[in-house]
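Residues in the sequence shown are numbered consecutively from 49, following our numbering.
Where a beta carbon is used, it is the ideal one built from N, C-alpha and C, also for glycine.
Just so it is clear, the structure is predicted and the values come from calculations on it, not from any experiment.
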Amino acid sequence: MQEGNDYEIEVRNRRYDGEYRWCITRAVPVREAGGRITAWYGTTTDIHERKRAEEEVRAANFELARANRLKDEFLASMSHELRTPLNAILGLCEAMQEQIYGRLNEKQLTTLSSIDESGRHLLELINDILDLSKIEAGKLTLEIVPVAVEPVCQGSLRLINHLAQKKRLKISSTIDSAATVINVDERRLKQILVNLLSNAVKFTPEGGAIGLEVVGEAEQGKMQFTIWDIGIGISSDDIARLFQPFVQLDAGLARQYPGTGLGLALVRRLVDLHNGGIAVESEPGKGSRFTVSLPWQASADSITTAEVVSPNRPAIHRALIVEESSTSFAQLERYLNELEVETILHPHAGGIIEKTVVVQPNVIILDLPHSDSLSWQALAQLKENTLTQNIPVLVISSAGDRGRGLSLGAAEYLAKPISRGRLARALRRIAEPEPAPGLVPKNHSGVESSLILLVEDNENSLHTLSDYLLAKGFRVVSARTGSEAIAHAKEERPQAILMDIQMPGMDGYEATRRIRADAELHAIPIIALTALAMPGDRQRCLDAGANDYMSKPISLKDLVAAIEKQLNTGEGIP
Numbered sequence: 049m050q051e052g053n054d055y056e057i058e059v060r061n062r063r064y065d066g067e068y069r070w071c072i073t074r075a076v077p078v079r080e081a082g083g084r085i086t087a088w089y090g091t092t093t094d095i096h097e098r099k100r101a102e103e104e105v106r107a108a109n110f111e112l113a114r115a116n117r118l119k120d121e122f123l124a125s126m127s128h129e130l131r132t133p134l135n136a137i138l139g140l141c142e143a144m145q146e147q148i149y150g151r152l153n154e155k156q157l158t159t160l161s162s163i164d165e166s167g168r169h170l171l172e173l174i175n176d177i178l179d180l181s182k183i184e185a186g187k188l189t190l191e192i193v194p195v196a197v198e199p200v201c202q203g204s205l206r207l208i209n210h211l212a213q214k215k216r217l218k219i220s221s222t223i224d225s226a227a228t229v230i231n232v233d234e235r236r237l238k239q240i241l242v243n244l245l246s247n248a249v250k251f252t253p254e255g256g257a258i259g260l261e262v263v264g265e266a267e268q269g270k271m272q273f274t275i276w277d278i279g280i281g282i283s284s285d286d287i288a289r290l291f292q293p294f295v296q297l298d299a300g301l302a303r304q305y306p307g308t309g310l311g312l313a314l315v316r317r318l319v320d321l322h323n324g325g326i327a328v329e330s331e332p333g334k335g336s337r338f339t340v341s342l343p344w345q346a347s348a349d350s351i352t353t354a355e356v357v358s359p360n361r362p363a364i365h366r367a368l369i370v371e372e373s374s375t376s377f378a379q380l381e382r383y384l385n386e387l388e389v390e391t392i393l394h395p396h397a398g399g400i401i402e403k404t405v406v407v408q409p410n411v412i413i414l415d416l417p418h419s420d421s422l423s424w425q426a427l428a429q430l431k432e433n434t435l436t437q438n439i440p441v442l443v444i445s446s447a448g449d450r451g452r453g454l455s456l457g458a459a460e461y462l463a464k465p466i467s468r469g470r471l472a473r474a475l476r477r478i479a480e481p482e483p484a485p486g487l488v489p490k491n492h493s494g495v496e497s498s499l500i501l502l503v504e505d506n507e508n509s510l511h512t513l514s515d516y517l518l519a520k521g522f523r524v525v526s527a528r529t530g531s532e533a534i535a536h537a538k539e540e541r542p543q544a545i546l547m548d549i550q551m552p553g554m555d556g557y558e559a560t561r562r563i564r565a566d567a568e569l570h571a572i573p574i575i576a577l578t579a580l581a582m583p584g585d586r587q588r589c590l591d592a593g594a595n596d597y598m599s600k601p602i603s604l605k606d607l608v609a610a611i612e613k614q615l616n617t618g619e620g621i622p
């Protein structure tokens, strides 16, 4: 304390009865005319209760921080424990659907499709829980970029199309011509739309109708996305509870509609993160309208759609599939829907010219059985007719007829069984016939024979990934620990490394850092594979030296695409 200044001090005094009490003493100097201090005037106030309350708040904050830390650790553990077996289930299912273990009959393929659908539904529930937790913890960030509105809307509609078809629902969509581009997080906008569209399908009886309407309100500075249905509707009393997590309006024991009650809560929070709003209009028995309003400035956001189309998507949006087998068509439809390509079935080769003229597809996918001369004639007719000769044809055949197909004018040829990755690459070659600048051309001794070091401690995942990569023409060497990974990398010199992160002993982070520190191994591309999916996991992998990051369950076709990207671009370490 400096002389002449007021002061206050907190002290802990012991009373005559032995109890300690916190007090605060404040003192003010009393000065004479010349400024000299002649006395001090002071007060002492008991602040024991306030100090106790502050201590209780500090303790509560400590416990809250501890609870949040434990929750994050639990979510990370749950993510790993649930995603690891799902990775094996979905990976094996995908490999079997592509028939790398041998040919399957129609019933077996249908059963696998059901397993795959159920597994992916479980994955969606896990992701919803994790996303909601990230938002509540303030750890979910958006990647705001200019996004073309129509492709996102059409892609969202395609994702629920098969569910709507099962219930014979009519789907309609109307997109304002002014609503071309909006600055949003594309993935999260699609998540919003798909959640609302899925609910519309779920709560609309068979034979009903659902729709998506998009309107740009330039004067109000917003774009509105409305999802409507003519389903069961919602009472006014229930609307107020719609967006609460884990709340379901039909929550009785005999509940008719499945779900967790997370979808709408997640939609509300994602809309809030975009500084938007959501409104509901509904009447029991007459259906519902959910309207999402997002900030939009027409003058700032209206750039051409071509500027925001992802370069990784083939420039194909409609495919006419000539296929007699309903199972084979379902497989092609599934693969193409993932690429956001609309599919139209023509079950036989007859009338192909007329159908093509009506549909005007970007590509024709033609299944050519060896014994079916009509299908081969159809290919010749397509290439001879002036109305259809410029539409590329992708031939799929179980016979070794590549030369015959190409000689008749096919743009690409795939031998059965086909895979997602091979189909996507064939479509990309059709859409972009000239190789992209800087890519290393693929040849028989290039990508297809590359050696991959697979580091994975889970035996099921190890066998699934290894079998799939071998079936795709890669050579594979495996390691089950970080130490083994380093030893194999030095001995085998692989072209790429797939690095599991959570392993006993030396984890994938440390193994990656040590490989990066070795001058002879420094440039080998490393793709991190992890069942962890919490905020910061991706960045930790990249900081350790990984080139890419994939969260389990891993799509096998996406994994192959990621490997080929690293092998072709030669990007080296980040």
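Count the other CB atoms within 10 Å of the CB of residue 573; is the residue buried (16 or more) or exposed (fewer)? buried
Helix, strand or coil at residue 415 according to DSSP, with G and I counted as helix: strand
Note down, in chain order, each residue of its chain lying with its Cβ closer than 7 Å to the Cβ of residue 342, except the 5 sequence neighbours on either side. 230, 232, 270, 271, 322, 324
Cβ contact (3+ pairs, closer than 8 Å) linking the region 421-435 and the region 399-408: yes
To the nearest angstrom, how far is it from the Cα of residue 267 to the Cα of residue 226? 12 Å
Counting along the chain, where does the beta strand (DSSP E) carrying residue 392 start and finish? 390-394
Could you have a look at residue 436 and say whether DSSP puts it in helix, strand or coil? coil
Using a Cβ-Cβ cutoff of less than 7 Å, which residues in the same chain neighbour residue 530 once the five nearest sequence positions on both sides are dropped? 551, 553, 554, 555, 556, 558, 559
Euclidean distance between Cα positions of residue 220 and residue 382: 21 Å
Use the C-beta contact count for residue 74: other C-beta atoms within 10 angstroms, 16 or more gives buried, fewer gives exposed. exposed
Indicate the three-state DSSP secondary structure (helix, strand or coil) for residue 251 in the structure shown. coil
Between the C-alpha atoms of residue 612 and residue 473, what's the straight-line distance to the nearest angstrom? 11 Å
Through-space distance from residue 549 to residue 534, alpha-carbon basis: 14 Å
Taking the DSSP output, what are the residues bridged to residue 469? DSSP output for residue 469 lists no bridge partner at all.
When burial is assigned at 16 or more other CB atoms within 10 Å of the CB, is residue 169 buried or exposed? exposed
If the criterion is Cβ atoms closer than 9 Å, does the pair residue 141 and residue 160 meet it? yes
Helix, strand or coil at residue 139 [DSSP, three-state]: helix
Compare the beta carbon distance of residue 224 and residue 200 with 9 Å and say whether it is the shorter of the two. no
Pair within 9 Å by beta-carbon distance, residue 626 and residue 274: Missing from the structure shown is residue 626; the chain here goes from 49 to 622 and no further.
Quick check on residue 424: does DSSP put it in helix, strand or coil? helix
Mind pulling the beta strand (DSSP E) runs of 3 or more residues that sit fully within the region 537-606? 544-548, 574-578, 596-599
Residue 207 versus residue 568 - alpha carbon distance: 46 Å
Can you give me the Cβ contacts of residue 256 inside the same chain, cut-off strictly under 6 Å, excluding the 5 residues immediately before and after it? 217, 278
For residue 374, count neighbouring C-beta atoms within 10 Å of its own C-beta (all shown protein chains included) and say buried if the count is 16 or more, exposed if not. exposed
Classify residue 506 as buried or exposed, calling it buried when 16 or more other Cβ atoms lie within 10 Å of its own Cβ. buried
Could you tell me which of 181, 388, 444 sits nearest to residue 415, measuring between CA atoms? 444
My output table needs one value for residue 353: the three-state DSSP class, helix, strand or coil. The pLDDT assigned to residue 353 is 43, lower than 50, so where the model puts this residue is not dependable, and the model offers no usable value.
Using a Cβ-Cβ cut-off of 7 Å (strictly less than) and excluding sequence neighbours within five positions of residue 586, which residues of its own chain qualify? 597
Please state whether DSSP places residue 346 in a helix, a strand or coil. helix
Could you pull the start and end residues of the beta strand (DSSP E) that residue 272 belongs to? 270-277
Tell me which same chain residues have a C-beta within less than 6 Å of the C-beta of residue 222, skipping the five on either side of it? 261
Ignore the nearest five residues each way along the sequence and tell me which others in residue 471's own chain have a CB closer than 6 Å to its CB. 383
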